[in-house]
Amino acid sequence: MTDALKIKAKRQILLMLLNIVYPSPITIRQFYNSAIDGDPTYDETIFEKDVTYFFDKGWIEFIDNKIGGFKSFKDKVIKLSAKGKEIAEGTDVDKALEI
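Position 89 of the sequence shown, counted from 1, bears residue number 1085 in my numbering, the numbering being contiguous throughout.
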């Protein structure tokens, strides 16, 4: 599997994890811990890039920003957006996740 396919597969898994807890929010720390349960080799810096990518695509919202935000990235609270939910459930398609 190429690196691009691995990235897409990992992002699909991350969206699935967020979809499981939807509509509830989750801290970045909890989200990362869930992600490494399935893949202990998943690097934290890559995870941060994936979370930022999800935000840039409009798939997640930073809930804590609405109440002033947290300084630590791991303490930030995120939630799957409506657009992210549609992508996670496959009712909408994004070419960035096609394998």
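Note that the Cβ used here is the ideal one computed from N, Cα and C, for glycine as well.
In this model, residue 1031 and residue 1089 are separated by some 22 Å (Cα to Cα). Take residue 1009, set aside five residues on each side of it, and the residues of its chain with a beta-carbon closer than 7 Å to its own are 1034, in chain order. Taking every protein chain shown into account, the CB of residue 1040 has fewer than 16 other CB atoms within 10 angstroms, so this residue is exposed.
Proximity to residue 1038 across 1018, 1075 and 1006 peaks at 1006, based on C-alpha coordinates. When DSSP states are grouped into helix, strand and coil, residue 1072 belongs to the coil group. Between residue 1074 and residue 1021 the beta-carbon gap is near 6 Å, inside 8 Å, which marks them as a contact.
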